[in-house]
Each structure stands twice: as C-alpha cells, then as structure tokens.
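Respectively, the protein sequence lines represent chains A and B.
1 is the number of the first residue of the first sequence in the numbering used here; add one for each residue after it.
1 is the number of the first residue of the second sequence in the numbering used here; add one for each residue after it.
The structure appears right after this line, and notes come after that.
2 protein chains.
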Amino acid sequence: MIYSAVMGYGVVGSGVVEVLTDHRESIAKRAKEEIGIKYILDIRDFPGSPFQDKFTKSFDDILNDDEVRVVAEVMGGVNPAYEFTKKCLERGKSVVTSNKELVATKGAELLEIARANNVNYLFEASVGGGIPIIRPMSQCLAANEVIEVAGILNGTTNFILTKMIRENMSFEDALRLAQQLGYAERNPAADVEGLDAGRKICILASLAYGKHVYPQYVHTQGVTKITLEDVAYAASWGGVIKLIGQVKKLEDDTLDITVEPMFIEKSSQLASVDDVFNGIMVRGDATGDVVFYGKGAGKLPTASAVVADIIDCVKHLKARKYLYWADGGEELVKPYEETSYPVFIRAEADDRQAVFGMASELFRNPRVIVRTNAAENELAFVTDEMTVKEQQNAIARLEENGVKVMSKIRISDL
Amino acid sequence: MIYSAVMGYGVVGSGVVEVLTDHRESIAKRAKEEIGIKYILDIRDFPGSPFQDKFTKSFDDILNDDEVRVVAEVMGGVNPAYEFTKKCLERGKSVVTSNKELVATKGAELLEIARANNVNYLFEASVGGGIPIIRPMSQCLAANEVIEVAGILNGTTNFILTKMIRENMSFEDALRLAQQLGYAERNPAADVEGLDAGRKICILASLAYGKHVYPQYVHTQGVTKITLEDVAYAASWGGVIKLIGQVKKLEDDTLDITVEPMFIEKSSQLASVDDVFNGIMVRGDATGDVVFYGKGAGKLPTASAVVADIIDCVKHLKARKYLYWADGGEELVKPYEETSYPVFIRAEADDRQAVFGMASELFRNPRVIVRTNAAENELAFVTDEMTVKEQQNAIARLEENGVKVMSKIRISDL
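What follows is the structure, given as structure tokens:
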C-alpha cells in the first residue's frame, strides 16, 4: 500500500477522493500497488463526510508522515500552495497538481526542486482538464520540434462566445447564463480577462521550448470587449471569433506568444470547438498538426487527470519521470508591439468613402467587409500583416482625424 | 551513447533514420543520452546512401551485438518481423514498432516476453501515425474506465469517402486518385476491405480492456460496396458515411467490436474528420469524450512516433514502462449477429407503397428517407435498433418476396 494525501477538498479535491475510492481496484492493477488516502487537508469541516477520519487542518501532519509518498495539491492559488509543494518535494514526496497558476508562476523552480530531490512534480490536470496534453507533448511528440501551439484553453469564455455566435446573445447575458450554469464564477475576471488561458499557454510554451515563460511577459486580452457586431463581421468574413492562446517560435528564436480574441476561419479545426469544450493544436515539424479535443474543466475530468498523475508517481517512485524546463526571462518573448499579423478594424464612419480613403493610406491593403444590418455609420475592414506598433500608429492617426476605432481584432493564421 | 538498430529501410524506416539523424541534439537532450544508429537491416542495396556503413543483410549482426539496446522494427508484415522481435526481446533488447499487423496478431505474446525479460515493447506508431493515442490511453486516461473507443482509423478509405461525399466521385475513381497520389497501394485490399482499420481497433480494444482481442473475431467490412446513392441518402438523413472502427463494453462484459461503414450525424466530432486525416474518440467515465485528431499516416509523422518510443525506451532501460495486456479469446467478443443497432436499408422498389408495407411488418419502426434525384424504383429507410440476426432475417424475407436489397449500413450512436 502506497499512501497519498489530498490538499484541498473543493471541487477537484473531492473528485480526486471520489475517483481514488470508486476505482480502487482498477487503479491498483494499473499502479501495481494499492493507493490509499491517508490525509485530506482542508481548513473547513465536512460533517457527515464518509472520510471523517482522514481530514486534517494541519499541513504538518502530511509533511511529517514519511508514509505519504504522493501528495495531490488541488488547493489552487499561489499561497500557501507554493510553500506546501516546495516542502513536500524537499521531503522526498512527489506532488501532482491541477494548479495552473502555481505551475505558470513557479514551475521552473518547483521542477528544479523535484529534480534535486529525485521525486516528481506532475501537472497533467493544469491544462485541458481531462484532455491528455502535457504528457503527449513531453513524450509522444518528443521527436518533433514544436513549431506552434494554439488552443481554445478556457471553457467559460468559449461558452460565452458560442452563445454570442449561435444565439446572438450579448456578452453580459451570456456571462450571466454561464454563472447560472456554474461555468463561470461570481468574480469571473480570471476567465473573461484571459488570465486563465494565459497561464495555460505559458505552461504549454515552457514545455514546448524548454524554458519557463512567465505570464507577466505575455500579452493577455480577454473577451469583455467583443460585441455582437464583431461576431457578425467575423461571420461575413467567413469565420468565428475565438479566444486563442498561441505560441510560435520566430526566426530570431524569440516567441510570439499571446492570448487574445482572434478571427479564425470556419475551416480551421479549432473553429468547431464550441461550448465549454477545449481544443489544442500542436504543430510539429515531423508530425504535422495534431489536435486534442475534450472537456477542459469539470470535477471528474480534472480529477481523473490528477489521479492519472498519482498513478504515474506511484509507478515511478524510484525512476524519475522526465518532465522539466529551465528558468527563463523576459528576453524569451518578442515584445507584443513588434509582433506582426493581419488585423480586423471596425470604426465609426459617417462618411464611409472618406474614412476608407484615410484607412487606405494608413493600413496595409485594407479590404472592406460588408454585412447585412450593419449600422450606416460604420466601416469594417481587414488588413495584410502589420506589426502591432504600425497598427497602433495607424489607429492613432485615424483617431486624430476624428474617426473613432471601436474594434481591433487579430486575424489568426490557424 | 546508446545504440539502436532499424529493421526495414522502407518509407517509415528511412524516416526513422532521418529523424534520428536530423534531430540528434534535441533527442539527446530529451533522452539524456545520445542515441546512435548502429545497424540498418534491409535485404536491398542502397547505393549512394550516406548510411552505407550501417547497412546489413544479416539479422544476427543486430541480435548478437550487445551494444544494441533498442531495435525499431519497421518492416511490416508478420514474418519475419515476429521472429526477429521475439529474439530481440529475449536477448534483452527493447523493441519499438509501427507494425500494426504484428501487434494485432501477436501483441499479447510479445508483451509477455518483454515483461519476462524486463524490457519494453512499444508501438505508439501502430495506430494513428503521428497522433499520440497509445500512451494517452494507457497513461493519461489510467483513472478512467473506458466506455467506448471509436475512430476513423484509416486515411486511405477516409480520403476515398471524402471524395465521394464532396465531389460526387465514384468509388473506383476515388480509389484511382488515391493510388495516383500515393495514398493507396497498388493492391489496396488491406485498406479498402477494412483490414487495416480492424487491426487498429483490435490494438485499441486490447489496451482499453486489458485482454487481447484478435482480428479474426471481429466483424470487418470495408468501403468497396458504398455507392454514391448511399452517400446522397446519408446527406438527406443529416450526416455522412465514414468507415468507423468501434468497440464498447456491453452489460454482459463482452465487447461490441466492429469495423464497418456507418452513418454518422453531421454534429459528431468525427463527421468533420476528412481527407487522409484520422480522428479517434475515447469515451471515459470520468473524462467524458476526448478526441485525438491528425494525420494518421505518412513517413515523418509515423517515424516521429517510432522515435518517441525509442527515446522512451532509452529513458527506461532499467525501469520498465507499464504497457501490457493479457491473452484473450473468442469469448471476449459478442458474436456480430447478436449485436444490435439501427440500420439504413436501400432496396429496389417498383411499387414503393407495397415495399414499404412489407418493410413495416419486417423491420422495427422504419422511416422513409427521401432525396432529390433518387431513382424512381428505389426505397430507402432507417429503422430502430435491431439485432443483426433480425436485420438479416427481415432482409431475407424481403428478398423472398422479390425485393432486392442493395444497401444495409449501420447507423452509429456517435
């Protein structure tokens, strides 16, 4: 019998306990050891829970018990998860987690501590919920150079955009519905402002390129400013708006990494990833495009990914898994202003002809997009590739001339 | 330096040599060891090849060289690949392969020999080419009970069906085009008769349920009898025809496993998997539906999967990977006649009214499907779920009454 502990008895934590308990036998067969739960750490009380004898409020109970070999950290947040994880690894316990915030901000350091102590730090559940992505990227695609990773990484915003696209629901109404259905939290900022997707693309980028990419260096933009007009123009253009986390290596070895809403063509594999689903495309030089698709969140999918990592730790109590990236700095990331892409612009235009005339001088090869039921005093167009700096300058010049720009959305090459 | 050998210098074998050579450095970093190629086994000569010094025609050179720790068997076919693999494993060499025929027919035995000799037998490349599927199923979904696996597992037939659906091309013309483009072999039987897809679903079923499912017990039907009329009816019904390999566990613990063309609804994730692409859906009890999508064949995708397995073997020279299933027999598989599903029937009908009257007595709840440009003397309908035996009896009765049945196609629940 190998003992584990679960830190945090929220949605994911209770799911982990449930999966470990309900699938006890088949898990033992796969891990070649029975896996018991010795402690569940939570500051709250859970009267009536069948796991009464396992609850503790003291982290030290777990830390000081040498029988506990694997710890699932499913508390979320950086503190105190960071300190607890560090101490467990230093004590020779393997740690598995679904905590994307911690992995995205402290991954390199924790992976180094795990290595120094010959234990594992695994985090399959931190990206894509139950979709296998961390392990396929680190193992199955090991013989590839990763050219690009792009994905719909946040189910809440994808649900909101799907409602806007399919049912013409406003952002506010769609958000309210997501909250009613339990897909969005009461404070939805981490989702709708793109922070959650940002953490996930940082984890995928670190894994793909071997150096830690920190969220603070990554341009991160959410969906709060997307309007139904933008959605309609995207349809006229032949696509949909999705919140995309994307990273690709540029010729100068820096990374073009961003989270932002993008126009993507209907024919793209990611265009049909709807509702709360996630889809992640990995472009390898040998393997071509490989797409992973499934529910990106939820109690049991995420818990099953955590438990798969626990099983893997138990199977690798002696031989360490190779999952590692080095520390990295700001120089890894191409400054956002210097990145380059075609863009969609929507502007107020009492005199469309005149505004298009100006746009033609300021933007690279603008082409007007028309749609039915468009307001009479607006003009929308798409451009060729321009740097963000050039886009910003052009917009500033338009606005100096009294033309208000209402939307600017990246056009993806997906 | 760890030495490998490559057996077979065809499309995949030359790709393996190419990937190992071109990515030498990054592979060394990932494997934590340099990986050299010591031998390439092929009965042919390759004058002018830069790997001249590595070619051998004698398998014993590889077998008797204790420096060779990992062997890539990319010869294809059961003989002599079976004997070579067995001998290598018995000599303590790990073997990796893309040979689905060998894994599907001898997998349990070879996995047992690998276990007994504390080495690895890995075959990520045998299903889905460069799409990671074997490892995600065996590791990432380890905490799931697999409810169902269904996939488009053969790129050649998917290309042919896509041409029939999109361009109204006949089966014969589409096959000829596939041959011209190098997607189909001159003798296309293994693809178009469903044998290739059958081997792959057997491998996935063995992995999912832990016991070897042999191809000879699996109902296997190809696409050679699919007509443009069937394709048009599928469109009227609201879907497409795809060649699906599918396995699900029934309540009596037997497996409903089959390869056959099926009607699938347009909204299914697999419906949009077109051309030479493969898509595989794994339905887990915890994780829900997870879909893997990408190019299912091709030199470099397949070679990169083989090389990823080589890297994994090098990282696990001492600790064995857990990839195993036990032997299995005919009793695992529900006899095809006893399986049950709704079906599409197309019949000659000079008097539609009369034929539909008969059908209503013989089939469960038949509903007529109409389509534009249908021949006047035919009737098409779909039924509720019936066992195959019941379907066959009903068809026999129709034919006794002089009604010729031209098509019978399974309607999937995907």
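The beta-carbon is built from N, C-alpha and C at its ideal position, and this holds for glycine as well.
Proximal residues to residue i (C-beta, below 8 Å), its chain only, five neighbours per side dropped
i        : result
A/Ile43  : Lys57
A/Thr157 : Asp191, Val192, Gly194, Ala197, Gly222, Val223, Leu243
B/Val78  : Glu101, Leu102, Thr105, Lys106
B/Asn444 : The first residue shown for chain B is 1 and the last is 414, placing residue 444 of chain B beyond what the model contains.
Alpha-carbon to alpha-carbon, residue j and residue i
i        : j        : result
B/Gln269 : B/Glu185 : 28 Å
B/Ile226 : B/Leu161 : 9 Å
A/Glu124 : A/Leu323 : 11 Å
B/Glu337 : B/His219 : 10 Å
B/Glu90  : B/Asn64  : 12 Å
A/Arg166 : B/Glu331 : 48 Å
A/Cys140 : B/Ser98  : 14 Å
B/Thr387 : B/Lys334 : 12 Å
A/Ala297 : B/Gln179 : 43 Å
B/Tyr9   : B/Asp45  : 10 Å
A/His23  : B/Phe51  : 51 Å
B/Arg135 : B/Val403 : 49 Å
A/Lys38  : A/Ala326 : 33 Å
B/Asn118 : B/Tyr82  : 19 Å
B/Arg397 : B/Lys408 : 15 Å
A/Arg30  : A/Asp312 : 9 Å
A/Gly92  : A/His316 : 13 Å
A/Met7   : A/Val17  : 11 Å
A/Trp237 : A/Ile257 : 25 Å
B/Gln392 : B/Asp289 : 32 Å
A/Met406 : A/Glu385 : 20 Å
B/Ile203 : B/Glu265 : 26 Å
A/Asp61  : A/Arg69  : 13 Å
A/Phe292 : B/Ser4   : 31 Å
A/Gly329 : B/Gly36  : 34 Å
A/Leu250 : A/Ala108 : 23 Å
A/Val95  : A/Leu110 : 10 Å
Cutoff 6 Å; reference residue i; Cβ partners in own chain excluding five residues on either side
i        : result
B/Glu148 : Lys248, Arg283
B/Gly198 : Pro215, Val218, Thr220, Val259
B/Val273 : Ile152, Gly279
A/Glu33  : Ile2, Val314
A/Ala271 : Val240, Ile264
Heavy atom of the ligand FMN within 7 Å of residue i beta-carbon
i        : result
B/Ala178 : The model on display carries no ligand, and the ligand FMN is accordingly not part of it.
Nonlocal neighbours in the same chain, by C-beta distance under 7 Å from residue i, ignoring five residues either side
i        : result
A/Val355 : Ala347, Ala349, Leu379, Val403
A/Arg352 : Leu379
B/Thr302 : Val12, Gly15, Ser98, Ala125, Gly129, Gly130
A/Glu399 : Val405
A/Ala114 : Leu89, Asn120, Tyr121
A/Tyr341 : Glu385, Arg410, Ile411
A/Glu229 : Arg346
> Listed in chain order, which residues of the stretch 31-42 of chain B have Cβ atoms closer than 9 Å to some Cβ of chain A?
Replying inline: Ala31, Lys32
> Any residues in the stretch 260-271 of chain A with a beta carbon nearer than 9 Å to a beta carbon of chain B? Which ones, in chain order?
Replying inline: Gln269
>> Can you pull out the residues from the stretch 149-161 of chain A whose beta carbon lies closer than 7 Å to at least one beta carbon of chain B?
In response: Considering only beta carbons, no part of the stretch 149-161 of chain A lies closer than 7 Å to chain B.
> Within the chosen definition, does the stretch 134-145 of chain A reach the stretch 301-313 of chain B through at least 3 CB pairs nearer than 8 Å?
Replying inline: yes
> Can you list the alpha helix (DSSP H) stretches of 4 or more residues lying completely in the stretch 293-327 of chain A, in chain order?
Replying inline: Fully contained in the stretch 293-327 of chain A are the following alpha helix (DSSP H) runs of length 4 or more, in chain order: 299-315.
>> Please list, in chain order, the residues of the stretch 291-305 of chain B that have any C-beta partner in chain A closer than 8 Å.
In response: Within the stretch 291-305 of chain B, the residues whose Cβ lies closer than 8 Å to some Cβ of chain A are Val291, Phe292, Tyr293, Gly294, Lys295, Gly298, Leu300, Pro301, Ala303, Ser304, Ala305, listed in chain order.
>> Report the start-end ranges of each alpha helix (DSSP H) in the stretch 137-205 of chain A that is 4 residues or longer and not cut off at the edges.
In response: 155-167, 171-180, 189-192
> Do the stretch 312-321 of chain A and the stretch 360-375 of chain A make contact, defined as three or more Cβ pairs closer than 8 Å?
Replying inline: Two segments are said to touch when three or more pairs of C-beta atoms, one from each, lie closer than 8 Å; by this definition the stretch 312-321 of chain A does not touch the stretch 360-375 of chain A.
> Quick one: any contact between the stretch 343-363 of chain B and the stretch 379-394 of chain B, if contact means 3 or more CB pairs under 8 Å?
Replying inline: Yes, the stretch 343-363 of chain B touches the stretch 379-394 of chain B.
> Which runs of the beta strand (DSSP E) spanning at least 3 residues fall entirely within the stretch 29-60 of chain A, listed in chain order?
Replying inline: Runs found: 35-41.
>> I want to know whether the stretch 166-176 of chain B touches the stretch 206-219 of chain B - three or more CB-CB distances under 8 Å.
In response: no
> At a cut of 8 Å, does the stretch 79-93 of chain B reach the stretch 274-282 of chain B through at least three beta carbon pairs?
Replying inline: No, they do not touch.
>> In chain order, what are the residue ranges of uninterrupted alpha helix (DSSP H) at least 4 long that sit wholly in the stretch 209-245 of chain A?
In response: 228-237
>> I'd like to know if the stretch 104-121 of chain B and the stretch 231-245 of chain B are in contact, where contact means that at least 3 CB-CB pairs between them fall below 8 Å.
In response: no
> Using a Cβ cut-off of 7 Å, which residues of the stretch 99-131 of chain B contact any Cβ in chain A, in chain order?
Replying inline: Glu124, Gly130, Ile131
>> Using a Cβ distance threshold of 8 Å, determine whether the stretch 112-128 of chain A contacts the stretch 114-132 of chain B, with at least three qualifying pairs required.
In response: Judged by Cβ distances under 8 Å, the stretch 112-128 of chain A makes no contact with the stretch 114-132 of chain B, as fewer than three pairs qualify.
>> Please identify, using Cβ separations under 7 Å, the residues of the stretch 197-214 of chain A that lie next to chain B, in order along the chain.
In response: With the criterion set as a beta carbon lying under 7 Å from some beta carbon of chain B, the stretch 197-214 of chain A has no members that meet it.
>> Under 8 Å, CB to CB, which of the residues in the stretch 391-406 of chain B have a partner in chain A?
In response: Answer in chain order: no residues at all.
>> Quick check on the DSSP output: what are the complete beta strand (DSSP E) runs of length 3 or more inside the stretch 375-405 of chain B, in order along the chain?
In response: 378-382
> Using a Cβ cut-off of 9 Å, which residues of the stretch 133-145 of chain B contact any Cβ in chain A, in chain order?
Replying inline: Ile133, Ile134, Arg135, Pro136, Met137, Ser138, Gln139, Cys140, Leu141, Ala142, Ala143, Asn144, Glu145
> If you scan the stretch 71-131 of chain A from start to end, which runs of the alpha helix (DSSP H) of 4 or more residues do you find wholly inside it?
Replying inline: 81-90, 100-116
>> What are the residues in the stretch 11-24 of chain B lying within 7 Å of chain A by C-beta distance?
In response: Identification of residues in the stretch 11-24 of chain B having a C-beta nearer than 7 Å to some C-beta of chain A yields Val19, His23, given in sequence order.
> Can you list, in chain order, the residues of the stretch 316-336 of chain A whose Cβ is nearer than 8 Å to any Cβ on chain B?
Replying inline: His316, Lys318, Ala319, Tyr322
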